[in-house]
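Going down the list, the sequences are from chains A and B.
Just so you know, we're using my numbering here: the first sequence kicks off at -11 and counts up by one.
Just so you know, we're using my numbering here: the second sequence kicks off at 252 and counts up by one.
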Amino acid sequence: MKMLSPDRLEKNKRTGRILSLCALAMTVILLCLPVFEAATAVYTKKSPNTFKGDEKYTAVKAEVEEAIKDYEEFGDVQLKEDVTLRDKSDGTQSSMITFTASTKGHFSGWQLIQSGVPAGKLLLLLLILACVSAALAFTKGVRLHGIAVAAGILALLLVPVFSMTITRFFTRTIGTVLSGAREADITRELQGADGLLYGGKGGDKIRQLLGSMDFSCTAWLWALLIPGFMLICGAVVSLNAKLSEALGRGALYAFVISLCVLILYPYYVMFITGLRSAAETNDMYFLNMLPVQWMWSNYGDIVRRNVLKYLGNSLILSAGATLISLLCGIPAAYAMARMKFRGKKAFLGFVIMSQMFAPVVLLVGISRLMIGLNLNDSVVGLMLINAAFNQAFAIWLLRGTFVSISSEMEQAACIDGCSIVGSLIRVLLPMAAPGIVTTLIFVFINSWNEYTISTVLISTPGKRPITVGITQFSSFNMIEWHYLFASALLATIPVVILFLFIEKHLVAGLTSGGVKG
Amino acid sequence: MNTILVRKKWIPYLWLLPSIVLMSVFVVFPILIVFRLAFSEISRAGVVGGFTGLDNFVAAVQDKAFGTVMGNTAIWVVSVVGLSTVLGFIVAMALNTEFFGRKIVRSIVIFPWATSLVIQASVWNYIIKYEYGNLNNVLLNLGIIKTAVNWRLTYQIEFAWECGIGIFVTIPFVTFCVLSGLQSIDAAYYEAATVDGAGFWKKLRHITLPLVRPSLTVSTVLNIIYVFNSFPIVYTITKGAPANKTDTMVTLLYMRAFYDQQKGPATAMSVIGFVILCIAAGAYMMLSMRKEEDL
């Protein structure tokens, strides 16, 4: 068995202690503070043609106040008045007053456990885990600290799960119970909710009450939990530092984690939506974060709708564009890096200028040119256009790479009787391989992701690249989101992986090639 | 010297030839065509007639959407380039510090850059839908909101979303440009500054910013060009609706050229776009040429 170093063990101990304390603190917040809120609209009355303060208003208000007395036993009843003013065509105003009476109740996790609502069990589990973690973290056994860390992390991860379960119970489960979809265990759940929200006095009115109930976790629960959680992450990592530094670390982690969540969010949406059923993607009332049914068959469906063909087209198009771009770019970059000649600056200016003209702005010109060359609606035409518009970047990146490599080896090869072309192929290119691969992948990705020229130039559906191909799933009045995102994911994954390969070199190439020279 | 001697003077040009041919045919030639069309009369069927002087430009400027669209384009370019530069700089600063999981975060930050803009735009278009969008779904599930919120109530809000998405996809480029600048800074500067008692802000102002400036210049100028020419985001999310109120110049140009068959005014708009960009590119050329003195 591998021995852990004492340093590592000490760190484990501290980590376990901090994590377990945090888990305990969170559990205590959830248990003791009234962080859950349930508002039940028990009574509504609309009074048209009423202005605030006039006779009708007083009469109706008295009537309302009388009526809501019936509900006072269920908790604090609050009366709210909304005034709706509307301008009529003859210049006068009409006014309507809506009286809404609602009982507002806050409750804490402890009350939740007592009431026997299902989510309570999760909270109990959380409490147990936090206690176990704390107990282990403060005992002496060396091996136990690892378990304490694990239990602490598990407890922290349970917090959002618990929060989702309770929200689900109050919004979805109760809804289905009330609508009669589930008859079997109706009493236990209703009694639990009744006891929690209305002090057990709901009685036969309970269905009506629950039907008009709104549940939410108070916003400051989230305001407390999320940054708290992130601060912990930072603090755990920099245990040995001063307090201000540890907090700075915490802030850094908070920033980095939220950034990652934000960036990954669209990809999560793509993945999840790609596995939903058609009905679910367009349903106003579906409330699950994960698909009810995981529709892996969506991928079979999109393959049947030519997505593989489009991916193939994209592959051919991008590979061709990359090849052309490199075949033209390598000699040019070599000349720029190694040879002295008049007009070098002019050529550089020309290359830089060509970056300014995005294909979109030139679309009219490009489509006319392609018709003239008889390359309209052909993949070869697209290849050439993509290669041409990526020349600037290719020359730029390649020149940077070549400049950074000393020419001594090539000069030696030249003396040995090798031609310039020979020295380029045998000496320089192998040494510049990382830079060339970077350029290659970069041009490939740019061509793969290109959309605008392809929409205009390609009219035959069978020749479309994938970026245009996915638009077949969105027609004017109906978008098949699940198919759209399933194919979008297929189109995204390969390029993202490719990009990860070149990330390091691209950073070096972007500025060193262009700026520093 | 890092150069190779060539015996004949014309040899370097031979090396440049393939590249020049490729770019001349497929970049320069379309530019010439666009310029010619901008000064010609074009029938609805696309037949090019004689020289018409500035008629197309007058038609383009008198287009009832022109004013709004120019305003939108200005807002779009300034907000996207400006905010993504600031945010990208902050992200780069964060990524330049050592922390657990830095490599993973760096990889994640590059995702939006690697993804096709059409795809990003489609996903966000779905996320902010009112009736069944994913943002409402997630927020409802977490219990943060009680009823679905309409995230695209007015066209101004929709345009703001488009700018936001533009910023979102532009940040990685800025981040990586700045990051490469940051990594080339010698740590000794910071050590010396710490000895002299300089705090975080002083170091940022007197060491980091001046030394990263070249990278920032490159990323900013390239971004101005890319963002000005950026098409898929606006086209996917609003298509300029309602009544061109959320169009930028590029999408309006596309609509006029390929939907309304007004190729003349559309090419005139292209030329106006060139002129605007040329000013930006002029600045870029001057800045980068200054660095190329030692070529």
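Where is the CB? At the ideal position from N, CA and C, for every residue including glycine.
As summarised for the segment 68 to 134 of chain A, the continuous beta strand (DSSP E) elements at least 3 residues long and confined to that stretch are 81 to 95, given in chain order. At the C-beta level, B/L430 and B/L346 come within 8 Å of one another. For A/G353, the uninterrupted alpha helix (DSSP H) segment begins and ends at L351 to L361. In the structure shown, the three-state DSSP call for B/S435 is coil.
A/R74 does not reach chain B, its nearest Cβ partner there being about 20 Å away, counting only Cβ pairs nearer than 9 Å. At a cut-off of 8 Å, the C-beta of A/V483 has a neighbouring C-beta in chain B. By the Cβ rule, the segment 402 to 419 of chain A does not count as touching the segment 434 to 449 of chain A, because fewer than three pairs are nearer than 8 Å. Residue pairing from DSSP places A/Y31 in a beta bridge opposite A/A89.
Annotated three-state conformation of A/V348 is coil, per DSSP.
The beta carbon of A/G262 lies closer than 7 Å to those of N286, H470, F473, A474 and L477 in the same chain, with the five residues before and after it left out.
Chain-ordered listing is empty here: chain A has no CB closer than 7 Å to the CB of B/K453, the nearest sitting near 16 Å. Of all C-beta pairs linking the segment 88 to 105 of chain A to the segment 16 to 29 of chain A, three or more are shorter than 8 Å, placing the two stretches in contact.
If you check the CB distance, A/A143 and A/A118 come in under 8 Å.
Secondary structure of B/I293 (DSSP, three-state): strand.
Residue contact check for A/E468 against chain B: no CB pair falls below 8 Å. Think of a sphere of 8 Å around the beta carbon of A/N301: no beta carbon from chain B falls inside it, the nearest being about 14 Å out. Boundaries for B/F509: no beta strand (DSSP E) harbours it, while the alpha helix (DSSP H) harbouring it runs M500 to F509, taken from the DSSP string. Beta-bridge partners assigned by DSSP to A/Q179: none are found. Residues of chain A whose Cβ lies closer than 8 Å to the Cβ of B/I484 do not exist; the shortest such Cβ separation is about 11 Å.
In the structure shown, A/S395 adopts coil according to DSSP, grouped into three states. Of the residues A/N270, A/N276, A/G300 and A/S265, the one whose Cα lies closest to the Cα of A/M283 is A/S265.
Here B/E349 is exposed: its Cβ has fewer than 16 other Cβ atoms, across all protein chains shown, within 10 Å. A direct Cα-Cα distance of roughly 17 Å separates A/M419 from A/A323. In this structure, B/A372 lies away from B/I408, with their beta-carbon atoms at least 8 Å apart. Bridge pairing for B/V299: B/I293 [DSSP]. Rounded to whole angstroms, the gap between the alpha carbons of A/K328 and A/N301 is 41 Å.
Sequence-distant partners of A/P279 (beyond 5 residues in either direction) whose C-beta falls short of 8 Å from its own C-beta, in its chain, are I260, L263, R264, S265 and E268. Neighbourhood of B/V285 in chain A, by CB distance below 7 Å: L350, V352 and G353, in chain order. For the pair A/K49 and A/M201, the Cα-to-Cα distance works out to about 23 Å.
At least one CB of chain A lies nearer than 8 Å to the CB of B/V369.
Spanning the alpha carbons of A/N294 and A/I458 requires a straight line of approximately 10 Å.
A/F430 places its beta carbon 8 Å or farther from that of A/F390. For the segment 278 to 307 of chain A, the continuous alpha helix (DSSP H) assignments of 4+ residues that do not extend past its boundaries occur at 285 to 292, in sequence order. Assigned with DSSP and collapsed to three states, A/S151 falls in helix. With a contact defined as Cβ atoms closer than 8 Å, A/M371 and A/G308 qualify at about 4 Å. Between A/V352 and B/K514, the C-beta gap is smaller than 8 Å, which places the two residues in contact.
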